[in-house]
Amino acid sequence: SQELEQSPQSLIVQEGKNLTINCTSSKTLYGLYWYKQKYGEGLIFLMMLQKGGEEKSHEKITAKLDEKKQQSSLHITASQPSHAGIYLCGADKSGTYKYIFGTGTRLKVLA
Amino acid sequence: DTEVTQTPKHLVMGMTNKKSLKCEQHMGHRAMYWYKQKAKKPPELMFVYSYEKLSINESVPSRFSPECPNSSLLNLHLHALQPEDSALYLCASSQTRGNTIYFGEGSWLTVV
Chain A
1 SQELEQSPQS LIVQEGKNLT INCTSSKTLY GLYWYKQKYG EGLIFLMMLQ KGGEEKSHEK
61 ITAKLDEKKQ QSSLHITASQ PSHAGIYLCG ADKSGTYKYI FGTGTRLKVL A
Chain B
1001 DTEVTQTPKH LVMGMTNKKS LKCEQHMGHR AMYWYKQKAK KPPELMFVYS YEKLSINESV
1061 PSRFSPECPN SSLLNLHLHA LQPEDSALYL CASSQTRGNT IYFGEGSWLT VV
């Protein structure tokens, strides 16, 4: 069964708008990763969060991990068409090599 | 640019063929992974090699056979596949467990 739930499943925004994608786990996460994927291509690593309450930013993308380490959000400020793609959260399941992924959020940015 | 290189990018094979997917990384990572991804689904873990030993096999059918010749290379041997095995196969690597995993660009496999 899927252990990482993402919302929304898809998102269409006008260029310049802000948006947020959420990732929720039923269990405490050891590490939470955000990736971006263009259709038919590999996953591009964006950011990793490990500590409760941690927040990281890169260019116009900010990711946060809540204090309980069960929920993360990815926020894009002033979206651009280049932000379009599929965003996946991933987690290191129980500190093993079993990395699992969320259901994905498909983002389209209209110019 | 990804530092995990996968070949070929596209592969079409018949159900009686034997083919291989190849993956290479030069980041000094000691863990390497094979994932399978179907359309509109997240990647699903197939195999993990840690320090060149098979660490995890997620109950993958024996028609998929992984091989790790050395710490930089990972192969996936394919034999007698079914059309439902058509998917994007992703290779990844990490320093060890608990570290970020980095993906290659994937190999599109079509079984006819």
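Chains A and B are the protein sequences, given in the same order. Counting in the numbering used here, the first sequence runs from 1 upward without gaps. Counting in the numbering used here, the second sequence runs from 1001 upward without gaps. All residues carry an ideal CB built from backbone N, CA and C; glycine is no exception. Just so it is clear, the structure is predicted and the values come from calculations on it, not from any experiment.
1. Just list the beta strand (DSSP E) runs in the stretch 4-72 of chain A, keeping only unbroken ones of 3 residues or longer that don't cross its boundaries, in chain order.
2. Under a three-way DSSP split, which group does P1083(B) fall into?
3. S1020(B) by DSSP, collapsed to three states: which one?
4. When Cβ atoms are compared, which residues of the stretch 1077-1092 of chain B fall closer than 9 Å to chain A?
5. Does the distance from the C-beta atom of E1003(B) to that of M1027(B) stay below 9 Å?
6. Would you please state the rounded distance, in angstroms, between the beta carbons of L1074(B) and M1013(B)? I believe it to be under 8 Å.
7. Helix, strand or coil for K93(A)? Go by DSSP, reduced to three states.
8. Name the chain B residues whose beta carbon is nearer than 7 Å to that of K98(A)?
9. Compute the beta-carbon to beta-carbon distance between Q70(A) and N22(A), rounded to the nearest angstrom, for a pair I have assumed lies under 8 Å.
10. Quick one: measure Cβ to Cβ for K1009(B) and S1107(B), integer angstroms, because I've assumed they're closer than 8 Å.
11. How many Å lie between D66(A) and E54(A) at the Cα?
12. Identify every run of the beta strand (DSSP E) within the stretch 1019-1103 of chain B, keeping only runs that are complete inside it and at least 3 residues long; order them along the chain.
Checking against the coordinates, here is how it stands:
1. 4-7, 10-14, 19-25, 32-37, 43-49, 55-58 and 61-65
2. Residue numbering aside, residue 1083(B) sits at position 83 when the second sequence is read from its first letter. In the structure shown, P1083(B) sits in a helix (DSSP, three-state: H, G or I).
3. As a working mapping, residue 1020(B) is identified with position 20 in the second sequence. Look at S1020(B) here: in three-state DSSP terms it is strand.
4. L1088, L1090, C1091 and A1092
5. To locate residue 1003(B), count along the second sequence from 1; it is residue 3. To locate residue 1027(B), count along the second sequence from 1; it is residue 27. Cβ atoms of E1003(B) and M1027(B): closer than 9 Å.
6. The sequence position of residue 1074(B) within the second sequence is 74, counting from 1. The sequence position of residue 1013(B) within the second sequence is 13, counting from 1. In fact, because the Cβ distance is near 19 Å, the residues do not count as touching under 8 Å.
7. Taking the first residue of the first sequence as position 1, residue 93(A) is located at position 93. K93(A): helix per DSSP, three-state reduction.
8. Along the first sequence, one-based indexing puts residue 98(A) at 98. Within 7 Å Cβ-Cβ: L1045 and I1056.
9. Translated into the one-based positions of the first sequence, residue 70(A) becomes position 70. Translated into the one-based positions of the first sequence, residue 22(A) becomes position 22. That pair is no contact at about 11 Å.
10. Along the second sequence, one-based indexing puts residue 1009(B) at 9. Along the second sequence, one-based indexing puts residue 1107(B) at 107. Yes, they are in contact, since the Cβ atoms of K1009(B) and S1107(B) sit about 6 Å apart, within 8 Å.
11. One-based indexing of the first sequence puts residue 66(A) at position 66. One-based indexing of the first sequence puts residue 54(A) at position 54. Whole-angstrom Cα-Cα distance: 7 Å.
12. 1031-1037, 1044-1050, 1053-1057, 1064-1070, 1073-1079 and 1087-1094
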